[in-house]
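Written out below as C-alpha cells is the structure these notes cover.
In UniProt numbering, the protein residues as written are 1 to 591.
Rendered as C-alpha cells:
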C-alpha cells in the first residue's frame with residue numbers, strides 16, 4: 001500500500017517516514033518532511049489571531065443559560081493590560097505565577113498575559129486544593145515552584161489553599177473574597193493602561209524561554225514540574241498542522257472539557273485554537289455518568305468541527321449518540337475529526353464511533369489517535385491516514401525522531417526534537433536521568449510497529465512498562481492491553497476494569513459495576529478466556545466492585561484515566577479477597 005492510497009483527501013498529509021536499523025537492535029524512525037517555520041512564542045500566536053481575525057470568537061464559557069465569549073481582539077487587549085501590570089510588579093523569567101482555577105476565560109487571560117510578558121505559569125490541578133485534608137501536594141508544589149504570584153479564580157472556593165500562601169507572595173482573585181486583605185483583583189488590573197515597556201518585553205521572549213511548568217500527577221512519587229518552553233508548544237502545533245491540514249482549511253470550533261493544567265487540554269487543544277484562529281468553547285461536563293449530561297448539552301448547543309476526548313468520555317458519548325438521533329445529527333453536522341488520546345480506546349467504542357460517523361457524518365469524518373506525554377508538548381505521534389486499529393498511535397510528525405530500544409520482552413520508545421522538554425523545574429537530578437546519551441527522552445512507554453516490514457503502516461501502543469508485571473510462572477502480563485481487551489469483552493456490563501496479578505499464579509480482574517449482572521459477566525469472561533490465548537491474557541479470578549473509582553482518592557486522574565497503581569494500593573483488601581482460598585461466593589474462578 002503506497003502513501004497516496006492511505007491518504008484521505010483534504011484531511012491528512014501523506015505518510016513519509018524513514019527507519020534506521022542499528023547493530024545493537026535499536027531502531028530510529030523519523031518523518032522525512034521538514035518542520036516548517038513556527039511562531040517564536042505563544043504571545044505571537046495571539047497577536048497574529050487578533051490581527052487576522054480580531055472579531056472572531058476565541059473562547060466561550062457558560063454564564064447561566066447564556067454563553068459569555070471573548071474575541072481575539074478583546075483577549076489581546078486584556079492580555080496586554082494585565083501583562084503590563086505583571087511587569088510593574090517585577091515579575092519575570094525566574095518568578096512564575098501559580099494558577100488555581102478551573103478552565104475559564106479569566107484563567108486564559110492570566111495565563112496568556114504571563115506568557116506574553118515572558119513570565120512562566122504553572123496551572124495546578126484544582127484537586128490538589130481539596131483532595132487531601134492537609135493540602136500536602138499543593139504545599140509541596142508551591143515549595144518547588146516558588147511563585148511570586150498565586151491566582152485563584154474563586155477566592156472563596158480556594159480559601160484554604162490561599163491560606164498556605166506566604167505573605168511575601170502576592171495573591172490575585174477574579175471573584176469571591178480572599179483570606180488576604182491585600183489580594184489583587186483581576187478586574188481592577190484589567191482597567192490599567194498598557195505599559196510602554198511591554199513591546200520590548202514581548203520582543204525579548206525567546207523560543208527557549210520557559211512558558212509553562214506542568215506538574216505531573218505524581219502517581220509513583222511527588223509531583224514533578226515539567227518545563228514547557230515556547231519552542232515546544234509552538235513547534236508542536238506547527239507539526240500537527242502539517243500532519244492534519246484539515247485544521248487550517250475551515251473555521252475551527254472546539255468544544256472541550258479537558259483541564260488546562262494537563263498537557264492534552266492546556267497545550268494540544270487550547271493552543272490548537274490559537275494556532276488556527278479557532279474558537280474553543282469550555283465544556284463544564286466531565287467523562288463521568290453523573291456529569292456527562294452537561295457535556296451533551298454543550299455539544300448540542302455548539303457542535304464542534306474537531307472533537308477530542310479520553311476513552312471514558314468517548315464511551316459515554318457513544319451511548320448518548322445511540323439513544324438520541326437528533327443529538328447525533330446535531331453533533332455530526334459539521335464535524336471533521338474525532339481524536340482520542342491519554343489511553344487506548346476499546347475496540348467496541350472505536351467501532352461504534354466509526355459506525356456513527358459513517359451514518360451521520362459521511363465519509364469525511366476521520367476517527368484518529370495520537371500519543372505523547374507532558375514532556376513532549378504533547379504530540380509525539382499522530383494518525384494521519386485511515387485508522388484501522390484503535391491501538392494505532394500514528395507516526396512521528398515533522399521534526400520528531402523516535403528511538404526504539406529493546407527492554408526485556410518489549411521496546412521502549414524514546415523521543416528527540418524541538419517538542420521535547422529540556423527538563424524538570426529545579427530538579428537537575430530528574431533531568432539528568434530522563435535523557436540517554438544521544439539526547440533522546442526516555443518515555444517509559446512500549447511501542448511496536450503495526451507491520452515490522454513496513455513502518456509506514458503505523459505504530460501500536462504496547463503498554464506502560466511500569467504497569468506490566470510477571471506472574472509466578474515468569475510470564476509477562478501487559479496490564480494495559482488486557483484491560484482494554486476486557487473492556488471490549490465486557491462492554492455494557494462494567495464501567496471499568498483494573499488488572500492485578502503481580503507475583504500471583506493468574507490474573508485477577510477487578511470489575512467496577514454499579515449494578516452487576518453476574519451471570520452475564522461470567523459468560524462474557526468465559527468467552528473472552530476461550531479466545532484470549534495463554535496465561536498472559538486469561539483471567540483466573542474476577543470480583544465485582546460496587547464502589548466506583550474515586551477521583552478524590554487519586555484512582556482517576558483529572559482526564560478520567562485510571563491510575564492502576566493507586567487503585568491496587570487503595571483496593572489491596574479487594575485484591576486479597578479475589579485471591580483468597582477457598583474463594584468466596586462472590587469471586588468468579590476460571591480454570
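In this text, a Cβ means the ideal position worked out from N, Cα and C, and glycines have one as well.
Which residues bound the alpha helix (DSSP H) around residue i?
i	result
residue 462	Careful: residue 462 lies outside any alpha helix (DSSP H), inside the beta strand (DSSP E) at 459-464.
residue 350	347-356
residue 484	479-489
residue 390	Premise fails: residue 390 is in no alpha helix (DSSP H) and is neither H nor E.
residue 236	230-243
residue 52	42-53
residue 320	311-323
residue 186	186-189
For residue i, which of helix, strand or coil comes out of DSSP?
i	result
residue 301	helix
residue 119	coil
residue 379	strand
residue 89	coil
residue 202	helix
residue 169	coil
residue 473	coil
residue 15	coil
residue 270	helix
residue 368	strand
residue 20	strand
residue 449	strand
residue 225	strand
residue 385	coil
residue 336	coil
residue 587	strand
residue 38	coil
residue 209	coil
residue 214	strand
residue 194	coil
residue 593	Since the first residue of the chain shown is 1 and the last is 591, residue 593 is not available in this structure.
residue 80	helix
Alpha carbon to alpha carbon, what distance is there between residue j and residue i?
i	j	result
residue 165	residue 344	39 Å
residue 9	residue 242	Because residue 9 carries a pLDDT of 46, less than 50, the predicted location of this residue cannot be relied on, and the following value inherits that uncertainty. Approximately 14 Å, taken between the alpha carbons.
residue 64	residue 295	15 Å
residue 590	residue 147	55 Å
residue 80	residue 90	16 Å
residue 508	residue 486	12 Å
residue 521	residue 36	52 Å
residue 322	residue 492	13 Å
residue 184	residue 199	24 Å
residue 151	residue 423	25 Å
residue 467	residue 449	20 Å
residue 123	residue 261	5 Å
What does a CB cutoff of less than 6 Å around residue i pick up in its chain, not counting 5 residues either side in sequence?
i	result
residue 276	247, 248 and 252
residue 7	For residue 7, the pLDDT reaches just 40, beneath the cut-off of 50, and the residue's location in the model is therefore unreliable, leaving the point undetermined.
residue 222	140
residue 406	25
residue 236	377, 379 and 419
residue 393	369, 371, 381, 459 and 461
residue 390	345, 347 and 350
residue 273	254 and 280
residue 465	444 and 446
residue 16	32 and 33
Between which residues of its own chain and residue i is the CB-CB distance below 7 Å, once the five residues before and five after are set aside?
i	result
residue 71	54, 55, 56, 57 and 58
residue 195	84, 87 and 88
residue 314	340, 345, 349 and 353
Which residues bound the beta strand (DSSP E) around residue i?
i	result
residue 579	First-last for residue 579: 572-579, but that is the alpha helix (DSSP H), not the beta strand (DSSP E).
residue 66	66-71
residue 60	57-63
residue 412	410-416
residue 401	401-407
residue 100	97-100
residue 290	Counting along the chain, residue 290 falls outside any beta strand (DSSP E), and DSSP gives it neither H nor E.
residue 599	Only positions 1 to 591 of the chain appear in the structure, and residue 599 is not among them; the question remains open.
residue 281	279-282
Excluding the 5 residues flanking residue i on each side, which residues of the same chain have their C-beta closer than 8 Å to its C-beta?
i	result
residue 550	556 and 570
residue 427	144, 224 and 225
residue 587	541, 542, 543, 577, 578 and 580
residue 190	78, 81, 82 and 109
Consider the Cβ of residue i: report whether some Cβ of chain B lies at a distance smaller than 8 Å.
i	result
residue 216	Given the protein chain composition of this structure (a single chain), no chain B is represented.
Beta strand (DSSP E) runs wholly inside the region 132-163, at least 3 long, in chain order: 149-154
Continuous alpha helix (DSSP H) assignments of at least 4 residues falling wholly in the region 492-546: 518-532
Whole alpha helix (DSSP H) elements within the region 418-448, 4-residue minimum: 428-434
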